[in-house]
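Quick notes on the structure that follows.
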Amino acid sequence: MTKRASDVSVSPPRRRSKYTLAPLVLIAANVVLFALFFVWPAVIGLVYSFTNYTGVGVFQFVGLDNYQNLFGDSTFYDALSRTLLYTVLFVPLNFVFSLLIANVVVSRHAKGASVARVIFFIPWLLSPIVVGVLWRWLFGENFGLVNYLIHELGGGAVPWQSNADLSLLVVVMAASWAWTGFSMLLFIAAIKNVPVSYYEAASLDGAGPWRQFFHITLPSIAPTSFIVILLNTINAMKEYPVFVALNNGGPGTSNNLLVQYIYETGFKRGQIGYASAASFVLMLILMAVAIIQLIVNRRVENR
Amino acid sequence: MTTTDMPRPVDTGSGRAVSRKRPRRAATGGLRQAVSATTLLWLLACLYGLPVLWFVLSSFKPASDLFSYPLTLVPHDPTLSGFKAAWDSANFSQYFINTAIVCVITTILTVGVSCCTGYALAKYDNKWLKVFFVCILATTMLPSEVMLAPEFLVVRDLGLYNSFAGIILPAVLTATGCFMFRQFFLTVPDELVEAARIDGARELSIFLRIMVPLSRPIMLTLAILSFQWRWNDYIWPLLMLNDPDKFTVQIGIQSIVGAQNINWSVLLGASVISMIPLIAVFLVFQRYVMGADINAGLKD
Numbered sequence: 001m002t003k004r005a006s007d008v009s010v011s012p013p014r015r016r017s018k019y020t021l022a023p024l025v026l027i028a029a030n031v032v033l034f035a036l037f038f039v040w041p042a043v044i045g046l047v048y049s050f051t052n053y054t055g056v057g058v059f060q061f062v063g064l065d066n067y068q069n070l071f072g073d074s075t076f077y078d079a080l081s082r083t084l085l086y087t088v089l090f091v092p093l094n095f096v097f098s099l100l101i102a103n104v105v106v107s108r109h110a111k112g113a114s115v116a117r118v119i120f121f122i123p124w125l126l127s128p129i130v131v132g133v134l135w136r137w138l139f140g141e142n143f144g145l146v147n148y149l150i151h152e153l154g155g156g157a158v159p160w161q162s163n164a165d166l167s168l169l170v171v172v173m174a175a176s177w178a179w180t181g182f183s184m185l186l187f188i189a190a191i192k193n194v195p196v197s198y199y200e201a202a203s204l205d206g207a208g209p210w211r212q213f214f215h216i217t218l219p220s221i222a223p224t225s226f227i228v229i230l231l232n233t234i235n236a237m238k239e240y241p242v243f244v245a246l247n248n249g250g251p252g253t254s255n256n257l258l259v260q261y262i263y264e265t266g267f268k269r270g271q272i273g274y275a276s277a278a279s280f281v282l283m284l285i286l287m288a289v290a291i292i293q294l295i296v297n298r299r300v301e302n303r
Numbered sequence: 001m002t003t004t005d006m007p008r009p010v011d012t013g014s015g016r017a018v019s020r021k022r023p024r025r026a027a028t029g030g031l032r033q034a035v036s037a038t039t040l041l042w043l044l045a046c047l048y049g050l051p052v053l054w055f056v057l058s059s060f061k062p063a064s065d066l067f068s069y070p071l072t073l074v075p076h077d078p079t080l081s082g083f084k085a086a087w088d089s090a091n092f093s094q095y096f097i098n099t100a101i102v103c104v105i106t107t108i109l110t111v112g113v114s115c116c117t118g119y120a121l122a123k124y125d126n127k128w129l130k131v132f133f134v135c136i137l138a139t140t141m142l143p144s145e146v147m148l149a150p151e152f153l154v155v156r157d158l159g160l161y162n163s164f165a166g167i168i169l170p171a172v173l174t175a176t177g178c179f180m181f182r183q184f185f186l187t188v189p190d191e192l193v194e195a196a197r198i199d200g201a202r203e204l205s206i207f208l209r210i211m212v213p214l215s216r217p218i219m220l221t222l223a224i225l226s227f228q229w230r231w232n233d234y235i236w237p238l239l240m241l242n243d244p245d246k247f248t249v250q251i252g253i254q255s256i257v258g259a260q261n262i263n264w265s266v267l268l269g270a271s272v273i274s275m276i277p278l279i280a281v282f283l284v285f286q287r288y289v290m291g292a293d294i295n296a297g298l299k300d
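First to last, the sequence lines map onto chains B and Y. full-length UniProt numbering applies: residue 1 is where the first sequence begins, and numbers increase by one. full-length UniProt numbering applies: residue 1 is where the second sequence begins, and numbers increase by one.
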């Protein structure tokens, strides 16, 4: 395996051919896992989406029937539109709060920032199930702290659980609260990478904190902003545990989201083929999101 | 790509050093700004901290006090009865052990496999390695939630249904872990590898003796993240496990929530107990997580 250093630096093609066994051994485990738990499910998922497979026994190919039925299924539309509404509410809320908090935390004026940063981060550590339980406890209609405070201030009980829109709003707040710590970390790293000289030049020119934020900070951290938006969009599209623990998609089935829909049809009703078709619709949406993000990101970076 | 333009893991420290160099403003304006910034910071911190505080303090209330008006933040006579009830009921101690086993094994495997893959991707330049890198990128595009049904069938056909292996193995491949190690090993100079080769070291012993010890901080960071992902995992263990003796903590908590009449005393106790390991791990290793490069956290 030994060779002279000059060989290595002068002729990369020979180096390439020299080492095949070692890298192969190193990635072998991951290749096997990738084939077993990614390629195989993806392929059979696609195949099953054209069948009436129920998980056991034989199945028949039904062509595009599953997809056609899906687009005629009002439950699916409800789940899809509820998921999109949830995403549209969650992503901006999370973005604004995590960016605000990141700015305050890195501010040299704020005292106790390192302790506060831990406080902001703790919700992200909690499991989605516990987040759901916690917010259910806060927003209970007859016993929750929030309704108690509203009552003390002279208001009436707010139907946080029995009104479908309010119930979705509680999940939006809960999820946004839980994800702030993560987005905040990304923003903190990005803000600290903005050269200090930009701010010095701006304050010499008399720019106040707001103008500095909108003209220096925000453009400088644009790539991170896109990552945060992309990650949060993907996370919102596949949200499930917070809903289950908070109100179980309720009241009734009004807040059943896509993943819950896939879970119910696939595992509760045994319609694997149909659920696979729904999964691929979700996948197409996620890929569209990722591609749009890539295009926008490239345009911003080339500007 | 989201994963290639991320900042290096080490830049938190340097950023802090830079911010210290920023010039101080005039004392009066600085004081006013300090007061307003600190006030805003702590208002927000209360907004984020109070729900947890309220939740944890409530778990110390006796069941009879949970709903008694007027609500009080601090329990009158704190008790551990909720925790005790949670621990004794519904096999909670068993769930705890199960979750710990799954988390520890998955974390060890994830760190090992990701370290090997990340090193290969960073330090060798075969064509098929680049292809595999793109493959790993693809896994971030297709979250496991999208492939629930087919992935379930595959794991079932492998004979892993209702076993810990069925939860552990699919979770070992993480794009995040591979990226973290790849990014780290890219920063290790190639000359180090070349020098070892000249000294006659064989490829795998270069990796094991030199590179693995070097990557200890990344290992720790990924270990904490992986532990957290698996501890908090819900839907996959729910699908995989059938036998109540194998349930994980999150399934246990959810089954209390799903009961006809929620026993809030038990539920609060169980939830707070389930938070303890993660919070403890986090507080001990806080600086690693806070400085970590988790930009690649596309898939867990």
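Backbone N, C-alpha and C define an ideal beta-carbon position, used for all residues, glycine too.
Contact set for residue i: own chain, Cβ-Cβ below 8 Å, skip 5 residues either direction
{"i": "residue 176 of chain B", "result": "90, 93, 94 and 97"}
{"i": "residue 178 of chain B", "result": "123, 124, 126, 128, 131 and 242"}
{"i": "residue 192 of chain Y", "result": "210"}
{"i": "residue 207 of chain Y", "result": "116 and 119"}
{"i": "residue 141 of chain B", "result": "147, 157, 158, 159, 160, 161 and 162"}
{"i": "residue 107 of chain B", "result": "113"}
{"i": "residue 26 of chain Y", "result": "The pLDDT assigned to residue 26 of chain Y is 47, lower than 50, so where the model puts this residue is not dependable, and the model offers no usable value."}
Beta carbon proximity, residue i to chain Y, threshold 9 Å
{"i": "residue 116 of chain B", "result": "yes"}
{"i": "residue 152 of chain B", "result": "yes"}
{"i": "residue 216 of chain B", "result": "no"}
{"i": "residue 137 of chain B", "result": "yes"}
{"i": "residue 105 of chain B", "result": "yes"}
{"i": "residue 259 of chain B", "result": "yes"}
{"i": "residue 111 of chain B", "result": "yes"}
{"i": "residue 30 of chain B", "result": "yes"}
{"i": "residue 275 of chain B", "result": "yes"}
{"i": "residue 123 of chain B", "result": "yes"}
{"i": "residue 66 of chain B", "result": "no"}
Cβ-Cβ separation, residue j to residue i (assumed contact under 8 Å), whole Å
{"i": "residue 120 of chain B", "j": "residue 45 of chain Y", "result": "7 Å"}
{"i": "residue 123 of chain B", "j": "residue 232 of chain Y", "result": "Wrong, their Cβ atoms sit about 12 Å apart, outside the cutoff."}
{"i": "residue 237 of chain B", "j": "residue 292 of chain B", "result": "So it is not a contact: roughly 13 Å between Cβ atoms."}
{"i": "residue 50 of chain B", "j": "residue 135 of chain Y", "result": "At roughly 24 Å, the Cβ-Cβ gap does not stay under 8 Å, so residue 50 of chain B and residue 135 of chain Y are not in contact."}
{"i": "residue 269 of chain Y", "j": "residue 59 of chain Y", "result": "6 Å"}
{"i": "residue 48 of chain B", "j": "residue 145 of chain Y", "result": "At roughly 16 Å, the Cβ-Cβ gap does not stay under 8 Å, so residue 48 of chain B and residue 145 of chain Y are not in contact."}
Residue i versus residue j: straight-line alpha-carbon distance, rounded
{"i": "residue 212 of chain Y", "j": "residue 223 of chain Y", "result": "14 Å"}
{"i": "residue 186 of chain Y", "j": "residue 149 of chain B", "result": "54 Å"}
{"i": "residue 162 of chain B", "j": "residue 151 of chain Y", "result": "35 Å"}
{"i": "residue 308 of chain Y", "j": "residue 107 of chain Y", "result": "This structure cannot settle anything about residue 308 of chain Y, because the visible part of chain Y is limited to 1 through 300."}
{"i": "residue 67 of chain Y", "j": "residue 273 of chain Y", "result": "21 Å"}
{"i": "residue 282 of chain B", "j": "residue 151 of chain B", "result": "42 Å"}
{"i": "residue 138 of chain B", "j": "residue 255 of chain Y", "result": "19 Å"}
{"i": "residue 81 of chain Y", "j": "residue 159 of chain Y", "result": "41 Å"}
{"i": "residue 112 of chain Y", "j": "residue 176 of chain Y", "result": "13 Å"}
{"i": "residue 59 of chain B", "j": "residue 68 of chain B", "result": "18 Å"}
{"i": "residue 264 of chain Y", "j": "residue 62 of chain Y", "result": "10 Å"}
{"i": "residue 52 of chain B", "j": "residue 245 of chain Y", "result": "34 Å"}
{"i": "residue 259 of chain Y", "j": "residue 61 of chain B", "result": "40 Å"}
{"i": "residue 76 of chain B", "j": "residue 128 of chain Y", "result": "41 Å"}
{"i": "residue 131 of chain Y", "j": "residue 145 of chain B", "result": "54 Å"}
{"i": "residue 180 of chain Y", "j": "residue 195 of chain Y", "result": "25 Å"}
{"i": "residue 133 of chain B", "j": "residue 174 of chain Y", "result": "28 Å"}
{"i": "residue 89 of chain Y", "j": "residue 267 of chain Y", "result": "10 Å"}
{"i": "residue 297 of chain Y", "j": "residue 182 of chain Y", "result": "For residue 297 of chain Y, the predicted model reports a pLDDT of 42, less than 50, meaning its position is unreliable and no value from the coordinates is stated."}
{"i": "residue 178 of chain Y", "j": "residue 25 of chain B", "result": "15 Å"}
{"i": "residue 314 of chain B", "j": "residue 64 of chain B", "result": "Since the displayed chain B opens at 1 and closes at 303, residue 314 of chain B lies outside it and no answer follows."}
{"i": "residue 21 of chain Y", "j": "residue 286 of chain Y", "result": "Confidence at residue 21 of chain Y is low in this model, with a pLDDT of 44, below 50, so its placement is unreliable and the value that follows should be read with caution. C-alpha separation (whole angstroms): 25 Å."}
Cβ of residue i within 9 Å of any chain B Cβ
{"i": "residue 231 of chain Y", "result": "yes"}
{"i": "residue 87 of chain Y", "result": "no"}
{"i": "residue 126 of chain Y", "result": "yes"}
{"i": "residue 70 of chain Y", "result": "yes"}
{"i": "residue 149 of chain Y", "result": "yes"}
{"i": "residue 11 of chain Y", "result": "For residue 11 of chain Y, the pLDDT reaches just 39, beneath the cut-off of 50, and the residue's location in the model is therefore unreliable, although a value from the coordinates is still provided. With 9 Å as the cut-off, residue 11 of chain Y counts as an interface residue toward chain B."}
{"i": "residue 37 of chain Y", "result": "yes"}
6 Å Cβ shell around residue i - same chain, five flanking residues per side excluded
{"i": "residue 234 of chain Y", "result": "250"}
Own chain residues within Cβ distance below 7 Å of residue i, not counting five before or after
{"i": "residue 102 of chain Y", "result": "164, 167, 168, 230 and 248"}
{"i": "residue 88 of chain B", "result": "none"}
{"i": "residue 40 of chain B", "result": "none"}
Any non-hydrogen atom of the ligand ADP closer than 8 Å to residue i Cβ
{"i": "residue 137 of chain B", "result": "Ligands displayed in this structure: none; no statement on the ligand ADP is therefore possible."}
**Study point:** Contact the region 254 to 273 of chain B vs the region 180 to 194 of chain B: 3+ CB pairs below 8 Å
**Key:** A contact is defined here as three or more CB-CB pairs under 8 Å, and the region 254 to 273 of chain B fails this definition with respect to the region 180 to 194 of chain B.
Exercise for review: Would you be able to state if there are at least three C-beta pairs under 8 Å between the region 198 to 206 of chain B and the region 106 to 113 of chain B?
Suggested key: Flag = no, the region 106 to 113 of chain B and the region 198 to 206 of chain B do not touch.
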